[in-house]
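Top line first, the protein sequences correspond to chains A and B.
Add 29 to the 1-based position in the first sequence for our numbering, that's all there is to it.
Add 95 to the 1-based position in the second sequence for our numbering, that's all there is to it.
C-beta atoms are modelled at their ideal positions from N, C-alpha and C, and glycine is treated no differently.
Scroll down for the structure; my scribbles are underneath it.
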Amino acid sequence: MQCSRSAFWLGMVAAMVGCGGGKSQAPSPAQLPEARPSGVVQAESGTGRPRTPGRVYWGDEHLHTGWSADAGAAGATLSPEDAVRFARGEKVKSSSGQMAKLERPLDWIAVTDHSDGMGVINEIRKGNPELLADPVVKRWSEDINKGGDAAKKATMEMISLQANKQLPKVITEPKFAKSVWEKNTAIMDESYRPGRFTTFIAYEWTSNAGGGDNLHRNVIYRDGKDKADQMLPMTTFESENPEDLWKWMSAWEKKTGGKLLAIPHNGNLSNGRMFELTTFEGKPITKEYAEERARWEPLCEAIQMKGQSESHPKLSNTDELAVGYEIWDRGNLALVPKKPGMLQYEYLREALKNGLLLAASTGANPFQYGMVGGTDAHNGLTAAEEDNFFGKFVSGEPRPERWNEDAMKFGARVVKGWEMTAAGYTGVWATENTREALWDAMKRRETYATSGPRILVRFFGGFDFTEADAKVSDIAYMGYRKGVPMGGQLQQAPAGKAPTFLLGAVMDARGANLDRIQVVKGWIDAQGKTHEKVFDAVWGDAERRQPDKRGKLPPVGSTVDVASASFENTIGDPQLVTVWTDPEFDAGQRAFYYLRVLEIPTPRWTAYDAARYEVKMGKKVPMTTQERAFTSPIWYTP
Amino acid sequence: MIGRVAKEPLVHFALLGALVFGTQRWLGDAEKSAPSHIELSEARVASLAAERELTWGRPLTKAELSDVVKDYARDEVLYREGLRLGLDRDDVVVRNRVKQKMEFLLDQRIADAEPTDHELRGYLAAHAERFLVPERLSFEHVFVSVAGGSEQAMRRALSLLGELEAGRSASDAGDATLWPRRWVGATKEELEARLGNELADRLLHVPANAWAGPIASPFGLHLVRVFEKVSARSAELDQVRDVVRSDFQGERRRRAKAAALAELEERYSVIIDSSAALGAAPEAPVTQARDVALKGD
Chain A
30 MQCSRSAFWL GMVAAMVGCG GGKSQAPSPA QLPEARPSGV VQAESGTGRP
80 RTPGRVYWGD EHLHTGWSAD AGAAGATLSP EDAVRFARGE KVKSSSGQMA
130 KLERPLDWIA VTDHSDGMGV INEIRKGNPE LLADPVVKRW SEDINKGGDA
180 AKKATMEMIS LQANKQLPKV ITEPKFAKSV WEKNTAIMDE SYRPGRFTTF
230 IAYEWTSNAG GGDNLHRNVI YRDGKDKADQ MLPMTTFESE NPEDLWKWMS
280 AWEKKTGGKL LAIPHNGNLS NGRMFELTTF EGKPITKEYA EERARWEPLC
330 EAIQMKGQSE SHPKLSNTDE LAVGYEIWDR GNLALVPKKP GMLQYEYLRE
380 ALKNGLLLAA STGANPFQYG MVGGTDAHNG LTAAEEDNFF GKFVSGEPRP
430 ERWNEDAMKF GARVVKGWEM TAAGYTGVWA TENTREALWD AMKRRETYAT
480 SGPRILVRFF GGFDFTEADA KVSDIAYMGY RKGVPMGGQL QQAPAGKAPT
530 FLLGAVMDAR GANLDRIQVV KGWIDAQGKT HEKVFDAVWG DAERRQPDKR
580 GKLPPVGSTV DVASASFENT IGDPQLVTVW TDPEFDAGQR AFYYLRVLEI
630 PTPRWTAYDA ARYEVKMGKK VPMTTQERAF TSPIWYTP
Chain B
96 MIGRVAKEPL VHFALLGALV FGTQRWLGDA EKSAPSHIEL SEARVASLAA
146 ERELTWGRPL TKAELSDVVK DYARDEVLYR EGLRLGLDRD DVVVRNRVKQ
196 KMEFLLDQRI ADAEPTDHEL RGYLAAHAER FLVPERLSFE HVFVSVAGGS
246 EQAMRRALSL LGELEAGRSA SDAGDATLWP RRWVGATKEE LEARLGNELA
296 DRLLHVPANA WAGPIASPFG LHLVRVFEKV SARSAELDQV RDVVRSDFQG
346 ERRRRAKAAA LAELEERYSV IIDSSAALGA APEAPVTQAR DVALKGD
């Protein structure tokens with residue numbers, strides 16, 4: 030079934046780029062130079078795909094529906110089917126009764142309902158001989174398969190008989206139970222449109238160790254229902270230890286021949302546990318542990334509705350643009366307050382640095398994370414932009430009062446509604462819009478996170494990029510020819526050469542101009558100490574904006590009019606492209622580099638609410654934001 | 096989280112203690128002396144094992160099976176005591192779960208009935224616009240940046256346009272861009288999402304096989320040459336069978352579920368105490384449905 034479907038859609042779509050032939054195309058392997066420039070290692074690839082990715086595919090790797098116990102209890106009525114329909118651009122009625130439609134559909138979605146709630150339910154399974162031995166059940170089964178009125182009548186009869194305790198005993202037998210999971214996977218397979226819209230089979234393993242230390246992981250399947258149904262998802266009733274999740278993933282792959290990956294999220298709510306420098310049980314990290322973690326967890330969620338986990342100003346104290354940006358640092362998921370020393374094991378940038386240390390000491394890097402963004406919305410609606418924010422829970426769907434209500438409350442500890450972050454999405458550089466191509470790109474970390482806007486970002490690393498490469502009319506062609514894309518690795522710099530990076534970004538067609546692109550570098554020195562530095566690589570308004578004597582680039586300014594929740598693209602640039610060379614490179618030091626792309630300031634969702642509902646919000650409520658993108662890093666190993 | 100708390104041995108212990116002493120005090124001696132049996136039939140054990148085996152994809156070891164059974168028995172004690180105290184009542188999670196199971200039951204009923212070709216053809220004809228094979232555009236693209244000023248950019252674009260018309264190769268023309276130089280088989284939807292409505296609209300209306308532009312966009316200036324344009328056309332069933340089938344089934348399922356729900360609702364009359372603060376209007380929902388036009392993502 031899938032084959033005929035994909036053949037049709039692929040034939041139709043044929044990808045916007047990469048199918049045309051001719052010398053303007055991205056290189057096929059045959060066109061790629063045989064001997065790659067020295068020191069450049071190809072990013073690992075799941076399948077050895079024939080073409081280089083020409084297009085970014087937008088999606089959300091983290092979404093809950095009414096089928097998640099906590100979401101349902103909070104009033105979410107939308108099913109995974111509704112969630113998919115909304116993500117692909119159809120109009121749906123939200124749980125609070127508002128009609129909602131994305132103006133711009135996504136390309137893919139992973140509905141990640143909590144595995145802990147996915148129990149089993151009883152039902153008549155078609156054609157089950159044991160069940161059909163009962164004449165009443167047999168008749169029902171036949172009627173149900175006829176559909177229409179007959180089916181409805183059979184259902185009603187069943188309900189009535191049950192009420193009178195006359196239900197045939199056979200159908201209440203637990204062994205005829207069917208899991209919610211099988212229903213979920215059926216929906217994902219049915220709504221998958223290869224080439225056009227991809228639905229991933231997925232779930233969230235929701236480990237709240239010790240009472241709310243957030244160690245959650247989203248598990249994303251590359252395969253379809255036939256494989257996914259062979260085992261039930263891992264629950265935290267089984268174990269809260271991530272190593273047991275990896276064991277489960279390994280067992281699943283072995284049994285089915287399929288492929289899985291896991292995406293941790295909200296290190297910011299883990300109270301020092303997401304990236305701790307020991308195992309879950311407090312043992313030292315070994316090479317085996319590091320290899321397992323890196324194998325199963327190629328990506329980490331950098332931003333979502335419960336804040337960003339990319340960096341914290343207390344850890345990155347010279348990084349001005351990290352200050353005040355969507356920070357949730359008061360406690361864990363149960364708002365148990367943080368103790369000193371916890372923060373450093375919660376944020377990705379720090380984890381990437383510590384990963385270099387562990388790689389040096391154990392021989393493998395457990396924290397080799399690429400970056401993705403998701404919403405974690407619990408109302409089935411993936412609406413991550415400032416001007417369409419539909420909230421995390423149903424109570425946070427658009428209403429005049431939502432900014433000032435309690436979004437989370439444990440005793441006296443409260444997170445207010447206005448603290449919710451309208452974010453995020455993932456851009457995936459893939460060769461086509463299919464489960465396989467997108468998943469493979471995620472596995473090789475050719476992804477980036479954004480706080481919502483669809484900023485186009487390219488990032489290539491190598492040793493031979495020159496300024497001229499930033500001037501060619503198709504920089505991706507040069508990028509793949511001379512280097513590795515985001516998520517890739519560089520090794521053993523040729524003598525006298527420093528890593529060079531071909532990088533660029535284009536504004537969201539319906540969004541704001543760009544302020545700047547920064548390179549975030551992390552490294553370890555000879556004494557085994559970690560460092561980080563943020564470089565301004567290229568910026569907008571360059572003709573009138575230059576760094577001062579101390580090398581500090583002046584702010585881009587602001588055109589935001591809070592009262593009307595509007596801004597103008599009269600500052601910043603629509604596109605930024607450059608080649609950047611590490612000016613402080615030491616060939617003997619392990620390092621990583623990733624991009625942070627910043628938009629000019631725009632109204633935050635709170636400003637849109639204030640303007641639409643004509644409400645006045647407190648002084649503490651931020652009304653502007655600088656939306657951004659974070660790419661997967663490129664690592665350098667001596 | 097609830098499940099987690101329920102697994103904590105300490106919590107079990109405390110809860111059990113509270114239950115034992117609490118229920119004794121509440122229910123008196125008569126209840127205390129009533130014997131309770133938790134029987135684990137062979138079929139029950141087999142089904143517990145089967146469920147756990149489905150998680151791990153392998154048979155359980157003896158020790159694991161013993162744990163599963165012990166856990167179940169212990170959970171059953173708590174469950175029954177909880178039921179006796181009525182803890183399942185007025186619990187939003189329990190209520191939601193039971194409601195969800197009921198919805199599954201109503202929804203599952205006709206899921207397996209395979210639609211006929213006749214039904215699918217009818218559905219396709221009735222919704223032809225939804226299953227259109229969309230218009231597709233293939234074009235070459237040259238980008239001119241406005242970074243150096245828009246007047247200068249326009250002059251450069253016009254001069255480049257002249258060169259392209261005179262036969263200059265497009266492959267190395269123009270400024271650096273992240274957009275591809277050739278777009279093949281792009282739909283209107285794709286172009287709008289990526290390039291914005293205005294540029295997409297202009298692209299769809301330029302004449303084929305000639306250089307056109309400069310077209311201004313938020314990004315800069317664009318020169319384009321459309322080399323292939325395939326108009327939208329209606330699809331044959333075989334081209335779109337799976338999509339049509341999925342939509343047809345989905346709609347049928349939703350309708351059947353709504354009808355079943357309506358029939359169940361007829362069995363109940365809702366009486367609301369007039370002294371309740373609701374006022375005279377018992378009509379749900381609280382929030383009126385309204386159309387929210389969403390910009391952006």
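Not flagged as an interface residue toward chain A: A330 of chain B, since no C-beta distance is shorter than 7 Å. Boundaries of the beta strand (DSSP E) around K445 of chain A: 442-445. Assignment of T285 of chain A by DSSP, reduced to helix, strand and coil, places it in the helix class.
The Cβ-Cβ distance between F304 of chain A and Y398 of chain A does not fall below 7 Å. In the displayed model, W306 of chain B falls within a strand according to three-state DSSP. Nearest to F234 of chain B by C-alpha distance, out of B:V188, B:E209, B:V241, B:R277, is B:R277. Shown here, R359 of chain A sits in coil according to DSSP, grouped into three states, outside any helix or strand.
When A:T235, A:K256, A:A616, A:S208 are compared, the shortest CA-CA separation from F229 of chain A is found for A:K256.
Taking C-alpha positions only, Q518 of chain A is separated from W664 of chain A by approximately 5 Å.
E415 of chain A is not a Cβ neighbour of W87 of chain A, given a cutoff of 7 Å.
Interface with chain B (7 Å Cβ-Cβ cutoff): P603 of chain A is included.
For the segment 284-311 of chain A, residues whose beta-carbon sits nearer than 7 Å to a beta-carbon of chain B comprise K284. Checking the DSSP bridge columns, you'll see G551 of chain A partnered with A:E561, A:F621. T495 of chain A sits exposed, since fewer than 16 C-beta atoms from the chains shown fall within 10 Å of its C-beta. For a Cβ distance threshold of 8 Å, nothing in chain B lies close to L624 of chain A: the least Cβ distance comes to about 13 Å. By DSSP's assignment, V486 of chain A forms a beta bridge with A:A534. When DSSP states are grouped into helix, strand and coil, R573 of chain A belongs to the coil group.
The beta carbon of A307 of chain B lies closer than 6 Å to those of V301, V319 in the same chain, with the five residues before and after it left out. Measuring C-alpha to C-alpha distances from I292 of chain A to each of A:F396, A:L344, A:M371 identifies A:F396 as the nearest. In the structure shown, P275 of chain B falls within a coil segment according to DSSP collapsed to helix, strand and coil.
In terms of Cα proximity to K648 of chain A, the closest of A:W447, A:A183, A:R133 is A:W447. In the DSSP annotation of this structure, the continuous segment of the alpha helix (DSSP H) that includes Q334 of chain B starts and ends at 332-361. Interface residue (Cβ-Cβ distance to chain A less than 7 Å): P313 of chain B is classified as such. Along the segment 503-518 of chain A, going in chain order, the ones with a CB nearer than 9 Å to a CB of chain B are D503, I504, A505, Y506. Judged by DSSP in its simplified three-state form, N247 of chain A adopts strand. In this structure, E430 of chain A lies away from F419 of chain A, with their beta-carbon atoms at least 7 Å apart.
Residues of chain A with a Cβ closer than 7 Å to the Cβ of G217 of chain B do not exist; the shortest Cβ-Cβ separation is about 14 Å. Distance from the Cα of K382 of chain A is smallest, within the candidate group A:K367, A:D493, A:K122, A:Q618, for A:Q618.
Of all residues in the segment 484-495 of chain A, those with a C-beta nearer than 9 Å to a C-beta of chain B are L485, V486, R487, reading in chain order.
Chain B has no Cβ within less than 7 Å of the Cβ of M400 of chain A. Here the alpha carbon of A639 of chain A sits roughly 9 Å from the alpha carbon of W432 of chain A.
Nearest Cα to A327 of chain B within the set B:E137, B:P229, B:G280: B:P229. Contact between the segment 596-609 of chain A and the segment 456-468 of chain A is not established, with fewer than three Cβ pairs separated by less than 8 Å. Contact check for G241 of chain A and N361 of chain A: beta-carbon distance about 4 Å, within the 8 Å limit, so the pair qualifies. If you look at E330 of chain A, you'll find it in the beta strand (DSSP E) that goes 328-333. For chain A, none of the residues of the segment 297-310 of chain B brings a beta carbon within less than 7 Å of one of its beta carbons.
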